[in-house]
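> I am attaching a structure below and will ask some questions about it afterwards.
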Amino acid sequence: VTLFETATFRAMGTEIEVLAAPSLPASVVENVRADFEAVEACLSRFRPESELSELNASSGRPFQASPLLRQVLGEALAAARESDGLFDPVVLRAVEAAGYRESIERVRGTLQVQTQVRERATYRDVEINADGTVLLPEGCGIDLGGFAKGWTVDLAGKRMAGCRSWVINAGGDLLARGAGPEGDGWVVGIEDPFAQGNDLATLRLTDAALATSSTMRRRWTTQDGPAHHLIDPRTQRPSQSDLVSVSVVAQTVARAEVLAKTLLLRGKAGALDYAESHAAPALLIDKYGLVTASRGMEAYLVV
Amino acid sequence: MYLAGGSVGLLLIVWSVLAMKDVAGSATMSADTSVPLIAPEAQAATPQPAVASSNSSSDGSTAKPQATARPNATAAPRPTPKPQTRSRGS
Numbered sequence: 026v027t028l029f030e031t032a033t034f035r036a037m038g039t040e041i042e043v044l045a046a047p048s049l050p051a052s053v054v055e056n057v058r059a060d061f062e063a064v065e066a067c068l069s070r071f072r073p074e075s076e077l078s079e080l081n082a083s084s085g086r087p088f089q090a091s092p093l094l095r096q097v098l099g100e101a102l103a104a105a106r107e108s109d110g111l112f113d114p115v116v117l118r119a120v121e122a123a124g125y126r127e128s129i130e131r132v133r134g135t136l137q138v139q140t141q142v143r144e145r146a147t148y149r150d151v152e153i154n155a156d157g158t159v160l161l162p163e164g165c166g167i168d169l170g171g172f173a174k175g176w177t178v179d180l181a182g183k184r185m186a187g188c189r190s191w192v193i194n195a196g197g198d199l200l201a202r203g204a205g206p207e208g209d210g211w212v213v214g215i216e217d218p219f220a221q222g223n224d225l226a227t228l229r230l231t232d233a234a235l236a237t238s239s240t241m242r243r244r245w246t247t248q249d250g251p252a253h254h255l256i257d258p259r260t261q262r263p264s265q266s267d268l269v270s271v272s273v274v275a276q277t278v279a280r281a282e283v284l285a286k287t288l289l290l291r292g293k294a295g296a297l298d299y300a301e302s303h304a305a306p307a308l309l310i311d312k313y314g315l316v317t318a319s320r321g322m323e324a325y326l327v328v
Numbered sequence: 231m232y233l234a235g236g237s238v239g240l241l242l243i244v245w246s247v248l249a250m251k252d253v254a255g256s257a258t259m260s261a262d263t264s265v266p267l268i269a270p271e272a273q274a275a276t277p278q279p280a281v282a283s284s285n286s287s288s289d290g291s292t293a294k295p296q297a298t299a300r301p302n303a304t305a306a307p308r309p310t311p312k313p314q315t316r317s318r319g320s
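Residue numbers (this note's numbering), protein chains in the order written: chain H, 26 to 328; chain B, 231 to 320.
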C-alpha cells in the first residue's frame, strides 16, 4: 500500500525528488521547483548569464550583488571559517584546473586536460561589504555547487507547510520532516559508493537533514588518470583522502553538506574525532569499502 | 426413554468435546497472532503457564509445541525496510 506520493524533476544537474505523506499537491511541487530554478539561475557556475558567473568575471573589482547572492555566499564563508578552511567556496579555479569546466555530463564524455592553478586565494580573501558589494581577489572564483544545492533544499522546505510529513531530496542531500508515512520515520538508503543503485546502510529520519559527499560519483578521465570534483583546498587538487564517501545527519542540509565534505577531506584518522566533537552523526566509508559509524549515528541506523 | 436420554447425553458429550476443541483453537490463534507484537526481551520475561494451562484443559496435543516454538521465531531479525528514498554521494 502506498502511503505517500512522490514527484521528481531535474535541476542543478541532478534529480530532485519530493515525497509527502499522505499526499503531495501539485502546487507544492511547483513552488519547490520554482525555488530550485530561481537559485540555479542566480548561482550556477555553468550558466554564463548567472549572477555568480558575473561575479567571477568581475574578480579584482567591487561587484554589486543581489541579496540572494550575498546571503548564500555569506553563509558559505561562515561555514568555511567554522571548518578552518577545509570547506572553502573559493576553489573554482582549482575545480576547473582539474578538468571540471562544464556540466558533468559533458566532462565525462571527453578526455580532460589538467592544468596548474595560478591564483591561490581562500575564503579569508573575499569581502562582503556593507554597501552590498562583493570583492573577489583578482583571478579567483567562487563555486557554490553543493552548498547552494543544500541551501536550496532548506529554502524549499518552507514551501511544504501544507504537507504533514515530507522529504526533499536533491541528488542525495535531503531534508526530512515529520514521522514519515508509517509514523516511525522516513526510511533512507545510503548508497554503496562502489555499486550505484545498492545501499550499504539504511537510516530512519524524523525532522533531520542528511548529506552525502563522495569522490566516486562525479568523476572523469584526464591525461593524468581519473579525477573527481572534491577539491582539497590545502593542495588545490582533487582530494587523496582514504575516505570515499561520508554521510552526515544535521539540522539543516547546508550544514550536513559542509560537515560531510569536511570529514571526507580530514580522512579516516581525523574524521571520527571531528564528527563527535561537532555532534555530527556520521557514516564513513573508506577506499576498501569498510563502513564506520560515529557516535550518535546508531540512533538513526536500521539494523 | 433410556435410548432417547442416552442419545441426548451422547449428543451433549460430543457437543462439549467439540466446544473444547474450539476453545483450544482460539487459544492457539491468539498466541500466534500476539507473539510478533511482543518484544523479545519482554517475551522472555512473560510467564508461559497461561498458554500451557489452556492446552491442558483441552485435548492438549496440538497447541503446546507451537507455543514453545514461538520465542525462537520472534528472535529472528526483522527484515530491513525498503528505502523510500536514497542518499547518494554528491
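From the three backbone atoms N, C-alpha and C, an ideal C-beta is built for every residue, glycine too.
1) Could you spell out the range, first to last residue, of the alpha helix (DSSP H) harbouring Ser78 of chain H?
2) Starting from Ser272 of chain H, follow the beta strand (DSSP E) in both directions and report where the run begins and ends.
3) Does Pro313 of chain B have its Cβ less than 8 Å from a Cβ in chain H?
4) Does any residue of chain B have a CB that is nearer than 8 Å to the CB of Ile215 of chain H?
5) Taking only beta-carbon atoms, is Pro263 of chain H less than 8 Å away from chain C?
6) List the residues of chain B whose Cβ lies closer than 8 Å to the Cβ of Trp211 of chain H, in chain order.
7) Taking the C-alpha atoms as reference points, what is the distance between Ile215 of chain H and Pro87 of chain H?
8) Report yes or no: is there a C-beta of chain B within less than 8 Å of the C-beta of Asp198 of chain H?
9) Have a look at Leu331 of chain H and Pro263 of chain H and give me their C-alpha separation to the nearest angstrom.
10) Kindly give me the distance between the Cβ atoms of Leu98 of chain H and Val159 of chain H, rounded to whole angstroms, as I take these residues to be in contact under 8 Å.
11) Mark Gln221 of chain H as exposed unless 16 or more other C-beta atoms lie within 10 angstroms of its C-beta, in which case mark it buried.
12) From the DSSP secondary-structure annotation, give me the bridge partner or partners of Phe34 of chain H.
13) Measuring alpha carbon to alpha carbon, tell me which residue in H:Tyr125, H:Gly197, H:Leu180 and H:Gly250 is nearest Ser320 of chain B.
14) Give me the Cα-Cα distance between Val283 of chain H and Leu235 of chain H, rounded to the nearest whole angstrom.
15) Quick check on DSSP: helix, strand or coil for Ala294 of chain H?
16) Identify the contact partners of Ser48 of chain H in chain B, using a Cβ-Cβ distance below 7 Å as the criterion.
17) Say the cut is 7 Å; is the CB of Gln221 of chain H nearer than that to a heavy atom of the ligand ATP?
18) Restricting to Cα atoms, I'd like to know which of H:Asn56, H:Ala66, H:Ala103 and H:Phe29 is closest to Gly38 of chain H.
19) Could you tell me whether any Cβ in chain B is nearer than 8 Å to the Cβ of Glu42 of chain H?
Let's see:
1) Where Ser78 of chain H is concerned, the enclosing alpha helix (DSSP H) stretches over Glu76 to Ala82.
2) Element bounds for Ser272 of chain H: Leu268 to Ala275.
3) True, the Cβ-Cβ gap to chain H drops below 8 Å.
4) Interface residue, yes.
5) The structure shown contains no chain C; its protein chains are H and B.
6) Taking a Cβ-Cβ threshold of 8 Å, the residues of chain B close to Trp211 of chain H are Gln314 and Thr315, in chain order.
7) Roughly 43 Å separates the two Cα atoms.
8) Yes, Asp198 of chain H counts as interfacial toward chain B.
9) In this structure chain H extends from 26 to 328, so residue 331 of chain H is not present and cannot be described.
10) For Leu98 of chain H against Val159 of chain H, the beta-carbon gap comes to about 7 Å, under 8 Å, which counts as contact.
11) Burial call: exposed.
12) The partner list for Phe34 of chain H (beta bridge, DSSP) reads H:Ile41.
13) That would be H:Gly197, whose Cα lies nearest to the Cα of Ser320 of chain B.
14) In a straight line, the C-alpha of Val283 of chain H is about 11 Å away from that of Leu235 of chain H.
15) Of the three classes helix, strand and coil, the one that applies to Ala294 of chain H here is helix, per DSSP.
16) What Ser48 of chain H touches in chain B: nothing, since even the nearest Cβ is about 15 Å away.
17) Among the components modelled here there is no ligand, and therefore nothing to report on the ligand ATP.
18) Closest in C-alpha terms to Gly38 of chain H, from the list H:Asn56, H:Ala66, H:Ala103 and H:Phe29, comes H:Ala66.
19) Taking Cβ atoms only, chain B reaches closer than 8 Å to Glu42 of chain H, which makes this a yes.
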